[in-house]
Each structure stands twice: as C-alpha cells, then as structure tokens.
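Residue numbers (UniProt numbering), protein chains in the order written: chain A, 1 to 427; chain B, 1 to 415.
Just so you know, even glycine gets a beta-carbon here, dropped at the ideal spot from N, CA and C.
Note that the structure is predicted; figures quoted are calculated from it, not measured.
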C-alpha cells in the first residue's frame, strides 16, 4: 500500500513537466532576500549541454520558444514546423536529451545556399525513437526517399565484393573505407558525460588491445601522447584535432577536449580507430594504391573482430533493422560507410559531363583534404554518396565499378577520344 | 518505509537503483511516456570521482578551487532553472587557460547559481577580487556622479573616455542558460524601457536579425557593432546559442550612450565620448542607468542585485559594479619606462591595447582602466581612474621635461 502511493508520488514528480501551467515569467521566481537562502537546489538534474532543464521552457508558449528559421537552409529547418515543435518540445529521451538539444546545431548554423546540412544530431540511441516525427522526414530527405517502414541490409562479408583488386595504381593513389560505431547503452558525443566518455574509451582500449596478427596495434590517448608520437601521427595523417567546424561545436561534441579521446592504429598503419571524436568509434582501413578489395577485406575482418570483442565484454553496437548502425549524425545512419579513393582525373574533371557521370554512378567528389576541401593537381577524393538503404558490399561495389569506369574515361580523354559510349545509366 | 522509498524514487538518477529494488515493470511504468527502447538502463551513472574533470593542465580560477570534494558535493545539484555545476564549469574545463593570464573558468546561468554553487563560487570570487569574501563583506553601490573630483583630463593626452557596465533582468536566466523565449523577453523588456528615454538619451534600437546593410555599415563605422563571439571562453559557455536571435544594439542619437542586448550579459551599458571629460561621461552613465532602472520598474521588473555581490552578471569577474571606466591616453615615454607596470599596479589600473581586451597598444596610445570591480563603489572606482590617469599624465609630462618620476605607494584594496 505504501509502496504504490510512493510510486505514484514519484510518477507525479516525473510527469509534472506536462502539468506546469503557464505562468507569468516575472512572478515565477521569488525575489532574493539580502541574505542568501539555504542552497539546496534541485537534486539529480540531468545534464543537457547549454540548455536548461526542459521543464523550465514549458512555462513559455511554444510560439515564444520556436526558433527563427527564416534564413535557414538545412534538413531540420525544412521539416520543423511550429506545430511539430509544439508536439515534441515536452518530450525527452530517458537520458534527458531534448528537442532543443537535437536541433541546436541546426539553429546555430543556418547553412549554405548550395550545401544542405542535416542540422540535427542524436544524443543517444533513443533520440531516433522519441523524436522520430522530426527525424524520419529528415532521414527520408537526406537518404534518397528512405521510408520509416524500410529495412536496411547489413552485409560485411567481403567475399561478396566482385573485383576491386584491379584499380590502376597509376591513377588510383590510395584507397580507404571508413565507418562509425556506437556502443549501446552510452550517450553519444553531443550528450555524454565525462564518466560515460571515459568508460567508452576504457572499453575501446581493452577491446583493441586484444587484436592480433596484422591487426595488432597501439592506442595513443590525445592527452598523454608525447611530442614525438604526436608528430608521427601528424606525418601519417592519422591525428585528428579538436573539431573547429561550428556544425560540430554547436552540438556539444567537443566538450572536455581532449579528455578520453585517442587514436588507435595497427603496427602496419593500415587500420585505424578514432575514439570519441564525432562518434564513439570511427573505424578506418586504408592503404596506398588501388587494391580496394584488400582494404575492404581488412575493414570487414577488423570490424567483425572488434564487434565480437565488445560483445565478449557485454556490449553491443547500436543497431536496428530499420536504421542499421546508429550514429550521432543522421547522415551517417545505415552503413555509416564512406569508401573512397584518391584518383587522378585531370581531364575527366574538366569535362562538362563530370558531375552528371558522378551523379549516375551515385558517387561524390571531394578535395583530397576531405569534406569541404578543394581538389589539388586534378586529384580527387571519389566516394559513395549513399549511406543508408544499401549494404556495405553494395556501396563498395559501386565505388569499385564507378572508379574503374572513371579511370577508363580518363584514359580515353587522354587519347583525345570521346567518352559518350561509356556514359553509364543511372544506378 | 514509505518515506525512505519516496526519497529513493524522488530522483531520476536513482532509477537504476529502483530497477533493482522494484523490478523492471515499475521502471517500465515510470518511463512509459517516453517509450524507451526495451531493456537498456535509463542512463549510466558514475560516481563523482569518475566525472571529475581532468584539470592537471589547467590554470584558471575554477581549476584552482574545484577540489574533488567540492565537485562531489555540488555535482548533483541544480538551480531552480535546472542549471548544473557541469554547465557552470564547462567553459573552464574546455579552456585550460594560459600560463600568464588567469581566466575565471566558470559562469553563472542565473541568479541562483551564486547561491547553489556558493562552495565553488565564493573561493573563486575571493581569488579574482583580491580577497573579497562574499560571506562576510558587503558591496557598496554608489551612482552619484556629482561626487567625482577633477574629472576633466588634459586632452592633449586623453583622446577618449568611456564607462561600461552590465545589468541583468531579475527573473530571467543568464546567457549561458537562457531559453530562446527568455532571451526574447529580455530584449522586449529592455527595448521597451529604452523607448522611454528622453532628451539627450533619445535613441533607437537595431536588432541584429533585422538591421539593414546600411545600418550595419554605420554601426561598424561607429565601432558600435558587436559580432557573434568567437572567443572559445564565451562559446564554450553556451552564450552564442541561437545567434543572432534577440540580439541587438541600442544607442542614443548623439552616439554617446550605447546598450548591447544579449551579448555576454542581458545588457551591457556604455557611456562614451571623445576627449577627456570623464565626469560628464560618468554623469550620463549614472543618469541613463537610473532612468532605465526606473522604466523597467514601472513595468514590474528589476535588476539582479544583492548586498553581498552587488550587480549580478554572467561572469564572476564582473560582479559588484561590473564597471570598467577607461581612457585612451597617449603615454609614449611612460610606457617605455621600466616602472610603468608597477605604477599601474599600485594605482589599481590595467592597460590594454586600443582594440580592447587582448589587443596591443598602437602608437603609444593605451587603454587604461580600473582593475577592480567588486568591493568598491562605482564612484570610488571612477575616482581611482581619474586620480590614476591624472598621475600618469603628470609622469608623462615630467618625462617630457627630462624630470624623474616616482612610483606611487599602493592603494588600499577595500575602502
């Protein structure tokens, strides 16, 4: 009898956010007396970055809180109507991540007239459930019409890749595959506490320390590395820096830098894991030359081993059959996979049909510094445009087949021949 | 038994314990409205020792005072608005500081932060404000400009004079924590009040979201326009969220009285003019502040203020008066004298370049202003600047004539 009434009391406490009546904000807080009142404060508040506890906002109307998105051009701004804001603003995930936490980066970064950013992030796995009314249309828009009822196929069996060991190394300078993984049960970088982030790091170090053979390697914590180690990692192009992009900073991912961040790589320097940068883990397989098959083999083997090592310690990766692997940014859902090459296409890149060819092949180009950089000396970073709705094998296959075709076209253009008969159909 | 049970249940952080005691069905019932994915715990909770930040490379006031014991005591607390210790210290964790410059390293999210987190804030205030102890000292407020003596500088040396402070609107959260609606309410309340200013204080508001290009250019030319903060000290504290929503600049038609809305504080109030008439600058400052206060009081609002801490602002370094009174002054000879820094120190003054904080001096022209903010009144601080700058000009003149100068004895801290 006592038990149930106290359950109901606390239920009332937990639900009281929806029972706050609108009050004049002026009279809400008592004026402070000259001498300080006892300082107990509230107990056990959650820790959203930069935002007050959600309950406080509910005393203002939805219109008063709705962000000004009139100059914005990102996926979030396209979808978040005032009515939707009103329906979602009283919600939060079990760990306390709120709608405003989800959208803060999109509010702070209006976007660019030509580049459509996502404008929202997840703070935990449940974000994609609790805020599905916002995130489903964002996902649909970003991932080529992927519907809430669609199922995503995961295929990390590298044997299913056809070819890929035959890209011409005179053109293809390097090959790389990356993805991300999140550890189930821990909040994601925008929302995690220091304790959680450190726990993710500790788990990762333990799991990676068990890798053997050509995957045997070493972990370098950002805050402990020596100057010599740091220089080596920079020279190898492995070292990641504190994010400077306002897209990332505004979401809270850079808090407490460089605490619990680090880089692990194998002794051969062909398999690399970033810990606690934009995601819990970013996993990268890479090597010089055009043998994408070997890169993908190692990628799949390494990933599968890491997943097993985590499972042995009682931790699964965040995954479900609708969204595939769950990551911080909705743009990385599904496979989270970007398979790419650095390839010399000086003639092809000047051709009027270059963009059209890329589009049909479902590929995208970037400069060799990665996203938001320009190409140098006709060398481009060519990778898959998709992440969700295709399996890992399918995406890498598209890159392998597409790059082979691009190199063939480049060779034709070198000889002064036309490429019209090589134009591909839309994939 | 019921009371111990409700104590366990009254805090979300203990839902983990609840799931052990009451079974998963109870947890499921309590969390049902948020339709949790099945099976996972609500949120992993770690002891304070696992959450305590790594401050070993840090050099700021927060890091000097935040012991693991104080962290453990305060980490579960929140102000009535839900502002937490982690939010308060985030800027200090993210910005370790500089070996030579000691930043504060924490901010307040609301007026109650200074109470709820007093165990950390009191020692920080003490360190930053030269031993001022909020527990047993009182801060004097005095905005009677008529008390200033010798407030007209030699204009062959002093190029401009300026006084600034900040004011916060009681009942609304501060920039690190405020919601969009609260920030818009601050803007509405202040703009409303400013529209009531008359005479030489009549002016106009320029909202950052709505100003025309022409207005923007004029404000830049007048050196009035403030930009989105780029300093990580400010951005890490969350003050730049939702930029430029509800931010703006108001100034009077004569361009001698200027108010920034929702930048680092609810309001920053600035009185300035070319030349050396500091007394007039301060007179307008006091008059304008009192007028604005009167106008918001008519509508039922007031400024955040109390006897212990004076005017409450976002950064603990700006408590008390929040006042920086300064001049741009030509001191080419004195600034090259080895005793320059010591003289400034003893006069309780600081130098900056003419671009403001963190800039270098150009052409021997320095920004000279008061060091202190808390523990002395506005009148006392402005008088300190007046006396000090007059002394510096005297030194400069003596050096021009080939005469020697003296380092003055140090001023007493709290009068």
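1) Smallest Cα separation from residue 137 of chain B: which of B:375, B:395, B:408, B:406?
2) Is the Cβ-Cβ distance between residue 160 of chain B and residue 279 of chain B less than 8 Å?
3) Cα separation between residue 198 of chain A and residue 251 of chain A?
4) Taking the C-alpha atoms as reference points, what is the distance between residue 142 of chain A and residue 167 of chain A?
5) Could you tell me how far apart the beta carbons of residue 55 of chain B and residue 63 of chain B are, in whole angstroms, since I believe they sit closer than 8 Å?
6) Can you check whether the C-beta of residue 363 of chain B is within less than 8 Å of a C-beta belonging to chain A?
7) Please go through the same chain and pick out, in chain order, the residues whose beta-carbon is closer than 7 Å to the beta-carbon of residue 128 of chain A, but skip the five residues on each side of it.
8) Using a Cβ-Cβ distance cut-off of 8 Å, determine whether residue 90 of chain B contacts chain A.
9) In or out: residue 266 of chain B buried (at least 16 other Cβ within 10 Å) or exposed?
10) Can you tell me which of the three DSSP states residue 122 of chain A falls into?
11) At a CB distance below 8 Å, what residues from the stretch 178-206 of chain B approach chain A? Give them in sequence order.
12) Measuring CA to CA, which of B:114, B:172, B:177, B:299 is closest to residue 192 of chain B?
13) Which runs of the alpha helix (DSSP H) at least 4 residues long sit entirely within the stretch 355-410 of chain B? Give them in chain order.
14) Give me the Cα-Cα distance between residue 98 of chain A and residue 249 of chain A, rounded to the nearest whole angstrom.
15) Taking only three categories from DSSP, how would you classify residue 325 of chain B?
16) What did DSSP end up calling residue 408 of chain A once you bin it into helix, strand or coil?
17) Looking at chain A, which residues of the stretch 240-255 of chain B have a Cβ within less than 8 Å of any of its Cβ atoms?
18) For the beta strand (DSSP E) containing residue 351 of chain B, list its first residue and its last residue.
19) Counting only runs that start and end within the stretch 191-254 of chain B, where is the alpha helix (DSSP H) found for 4 or more residues in a row?
20) Which residues bound the alpha helix (DSSP H) around residue 341 of chain B?
21) If we cut at 8 Å on Cβ distances, does residue 78 of chain B have a partner in chain A?
22) Run through the DSSP bridge pairs and tell me what residue 283 of chain A is partnered with.
23) Evaluate residue 171 of chain B with the Cβ neighbour count: other Cβ atoms within 10 Å of its Cβ, from every protein chain shown; 16 or more gives buried, anything less gives exposed.
24) Grab the span of the beta strand (DSSP E) containing residue 365 of chain A for me, first residue to last.
25) Output, in chain order, the set of chain B residues within a Cβ distance shorter than 8 Å of residue 249 of chain A.
26) Chain B beta carbons: is any one of them nearer than 8 Å to that of residue 67 of chain A?
27) Would you list, in chain order, the members of the stretch 102-126 of chain A that have their beta-carbon closer than 9 Å to a beta-carbon of chain B?
28) Quick one: what's residue 297 of chain B bridged to in DSSP?
29) Looking at the secondary structure, which residues open and close the beta strand (DSSP E) in which residue 257 of chain B lies?
30) Per DSSP, which residues does residue 272 of chain B bridge with? Please list them.
31) Between which two residues does the alpha helix (DSSP H) carrying residue 419 of chain A extend?
32) Does the beta carbon of residue 56 of chain A sit closer than 8 Å to a beta carbon anywhere in chain D?
33) State yes or no: is the C-beta of residue 211 of chain A within less than 8 Å of the C-beta of residue 300 of chain A?
34) Within 10 angstroms of the Cβ of residue 440 of chain B, are there 16 or more other Cβ atoms? Answer buried if so, exposed if not.
35) Listing by chain order, which chain B residues have their CB less than 7 Å from the CB of residue 64 of chain A?
36) Applying the 10 Å Cβ sphere with the 16-neighbour rule, what's the burial state of residue 326 of chain B?
So, to answer that:
1) B:375
2) no
3) The alpha-carbon atoms of residue 198 of chain A and residue 251 of chain A are separated by roughly 19 Å.
4) Rounded to whole angstroms, residue 142 of chain A and residue 167 of chain A show a C-alpha spacing of 30 Å.
5) Confirmed, Cβ separation roughly 4 Å.
6) Taking 8 Å as the threshold, the shortest C-beta distance from residue 363 of chain B to chain A does not fall below it.
7) Contacts found: 122, 135, 323, 326.
8) yes
9) Residue 266 of chain B counts as buried, since at least 16 other C-beta atoms from the protein chains shown sit within 10 angstroms of its C-beta.
10) If DSSP states are grouped into helix, strand and coil, residue 122 of chain A belongs with coil.
11) 178, 179, 180, 181, 182, 184, 185
12) B:299
13) Secondary structure remark: continuous alpha helix (DSSP H) runs of at least 4 residues inside the stretch 355-410 of chain B, in chain order: 378-400.
14) Answer to the nearest angstrom: the Cα atoms are 18 Å apart.
15) strand
16) helix
17) 240, 241, 242, 243, 245
18) 349-352
19) 213-221, 232-235
20) 340-346
21) Interface residue, yes.
22) A:179, A:273
23) buried
24) 363-366
25) 235
26) Chain B contact via Cβ: present.
27) In summary, the residues of the stretch 102-126 of chain A whose CB is separated from some CB of chain B by less than 9 Å are 104, 107, 108, 124, 125, 126, in the order they occur in the chain.
28) Residue 297 of chain B pairs with nothing; no bridge assigned.
29) Taken as a continuous stretch (DSSP letters only), the beta strand (DSSP E) holding residue 257 of chain B covers 257-261.
30) B:162
31) From DSSP, residue 419 of chain A is part of no alpha helix (DSSP H); its letter is neither H nor E.
32) Here the protein chains are A and B, and chain D is not one of them.
33) no
34) What the structure shows of chain B is the stretch from 1 to 415, and residue 440 of chain B is not part of that stretch, so it cannot be assessed.
35) 181, 184
36) buried
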